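Before any comments, here is the structure.
Protein chains: 4
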Amino acid sequence: MEPIGRKRWAIAEGYIPRESHGPAPELISHETACILNASDVPAHVSITIYFSERECAGPYRIVIPPRRTKHIRFNDLSDPEVIPRGTDYSSVIESDVAVVVQHSRLDSRQDANALLSTIAFPADP
Amino acid sequence: MEPIGRKRWAIAEGYIPRESHGPAPELISHETACILNASDVPAHVSITIYFSERECAGPYRIVIPPRRTKHIRFNDLSDPEVIPRGTDYSSVIESDVAVVVQHSRLDSRQDANALLSTIAFPADP
Amino acid sequence: MEPIGRKRWAIAEGYIPRESHGPAPELISHETACILNASDVPAHVSITIYFSERECAGPYRIVIPPRRTKHIRFNDLSDPEVIPRGTDYSSVIESDVAVVVQHSRLDSRQDANALLSTIAFPADP
Amino acid sequence: MEPIGRKRWAIAEGYIPRESHGPAPELISHETACILNASDVPAHVSITIYFSERECAGPYRIVIPPRRTKHIRFNDLSDPEVIPRGTDYSSVIESDVAVVVQHSRLDSRQDANALLSTIAFPADP
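As structure tokens, then:
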């Protein structure tokens, strides 16, 4: 399939709530970058995390096989370091082939969960 | 009316929750692609679903009449195959005329429902 | 201020829930198009509603004064006709000066309210 | 890093709920503009607020250091004036270097919180 997307994306919002209600892992509060690689070659993706009070974390490296999607939980990123909970951050996502990125959060701090989602910002080609 | 939209869109987020609270069909957990065909000719739409661990499903074919909208529940797609619940996916939507695509989810796994929505990613013209 | 936005926008998602919990008017389930006119002249806006099973409704005409925003509840539109509840629709918003459009819904059908919001689709200039 | 984003953004939706449930400050109803400055120089940002019934408020001035993000709560803006609660508004965000802006709200008026988020509208370069 003809490549779809961009090679550089940004998500300005980022925050992993400290608390959760409901069964794990499904209803644990989490923050996700959904990345679609609709191309016919693997996408080598690197994620850099920006904070308000310290230097960046990362890059976190992920490979997305051809014609596959990965819903990456920021909660699970651990190499080179875990992303702190209850802390504001942003992310920049870079790939060697065009991908599509969408940002979502499930927040289950209170009795019923809340959701947000938005297309990430596609950097100019 | 002058055509509005694009012929190719992507939704990187996709997930149909397994559980629901509240009366069916309105409050069943569901995932929707809202597609507006504001043009004066029918739009022949095909949807391809991408997964993290297997090859794509589809294409699912839908016709949207002139000057009509269709809010397509991914839950209801069954030909060529049903989309599994509780599974990460992404979708690419292609049309022979320009359309506008928005993605929504109603998640009623817990007592009160949660909603998300975003414009889909419009591929470059 | 230099004009900001576009003259033509589309919102593919549209649905006014029939039920609500909580005090009116604040927590009545509602669907909103927030329209910002940052320019120094009035914006003459017309909204057309698209359905899945019938011809369009509208145009609904609204004037937004210079340097003002209007958060238009679709629930309140009544001329030329009320928008039916519990019915799928989409909307196209046209203006004679550039404006910015964002779509939101508050859904209070269950005990706790749910929210969604997205930037509308900006038609190509 | 190569600059990412735009120098001018708009958020058409804006509303700070008057009430909240849950512990402060985390679960106070709030409205946020998340601004990422991925560049290597400070970003001088100014925010102007538009209302439906009065002239604009602002500019509110914020500096975002190089390679930092700021999640700015509209609730906290106080110079030149506090933003009224329970009132519709929109915002325009201008910066001297490219930044990325995302809009979020946490609404805890009812027992469980609700969330919305969207990429802001990036003005044409």
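Listed in order, the protein sequences are those of chains A, B, C and D.
Mapped onto my numbering, the consecutive letters of the first sequence carry residue numbers 1 to 125.
Mapped onto my numbering, the consecutive letters of the second sequence carry residue numbers 126 to 250.
Mapped onto my numbering, the consecutive letters of the third sequence carry residue numbers 251 to 375.
Mapped onto my numbering, the consecutive letters of the fourth sequence carry residue numbers 376 to 500.
Every residue, glycine too, gets a C-beta built ideally from N, C-alpha and C.
Being a predicted model, the structure only gives us computed values, none of them experimental.
Any idea if Ser216(B) is buried or exposed, counting beta-carbon neighbours within 10 angstroms, 16 or more meaning buried? buried
Can you give me the Cβ contacts of Ser302(C) inside the same chain, cut-off strictly under 7 Å, excluding the 5 residues immediately before and after it? Asp338
Is it the case that the Cβ atoms of Ala57(A) and Gln477(D) are separated by a distance below 7 Å? no
Would you mind reading off the limits of the beta strand (DSSP E) that contains Pro59(A)? Ala57 to Ile64
Specify, as a first and last residue, the run of the beta strand (DSSP E) that Ala114(A) falls within. Ala114 to Ile119
Against chain A, does Arg502(D) count as a neighbour if the rule is that its beta carbon must be under 7 Å from one of theirs? Given a span of 376 to 500 for chain D in the structure shown, any question on residue 502(D) remains unanswerable.
Consult DSSP for Asp503(D) and reduce its assignment to one of helix, strand or coil. Since the first residue of chain D shown is 376 and the last is 500, residue 503(D) is not available in this structure.
Ends of the beta strand (DSSP E) at Leu231(B)? Tyr214 to Asp232
My output table needs one value for Leu411(D): the three-state DSSP class, helix, strand or coil. strand
How about Ala237(B): is its C-beta nearer than 7 Å to some C-beta of chain D? yes
Mind reading off the beta-carbon distance from Thr319(C) to Pro309(C)? Whole number of angstroms is fine, and I expect it under 8 Å. In fact, because the Cβ distance is near 20 Å, the residues do not count as touching under 8 Å.
Over the uninterrupted beta strand (DSSP E) stretch that includes Ser46(A), give me the two end residues. Ala43 to Phe51
Do Ser470(D) and Ala418(D) come within 7 Å of each other at the CB atom, strictly closer than that value? yes
To the nearest angstrom, how far is the alpha carbon of Gly5(A) from that of Ala274(C)? 43 Å
Let me know the secondary structure DSSP gives Ala192(A) once reduced to three states. With chain A covering 1 to 125 only, the question about residue 192(A) has no answer from this structure.
Neighbourhood of His405(D) by C-beta distance below 8 Å, restricted to the same chain and skipping five residues each side: Ile391, Arg448, Phe449, Asn450, Arg480 and Leu481
Cut-off 8 Å between Cβ atoms - residues of its own chain near Val313(C), not counting five sequence neighbours on either side: Pro292, Ala293, His294 and Val295
Using the Cβ count rule (16 or more neighbours within 10 Å means buried), how would you classify Pro205(B)? exposed
Please classify Arg393(D) as buried or exposed, where buried requires at least 16 neighbouring CB atoms within 10 angstroms. exposed
By DSSP, does Glu406(D) sit in helix, in strand, or in coil? strand
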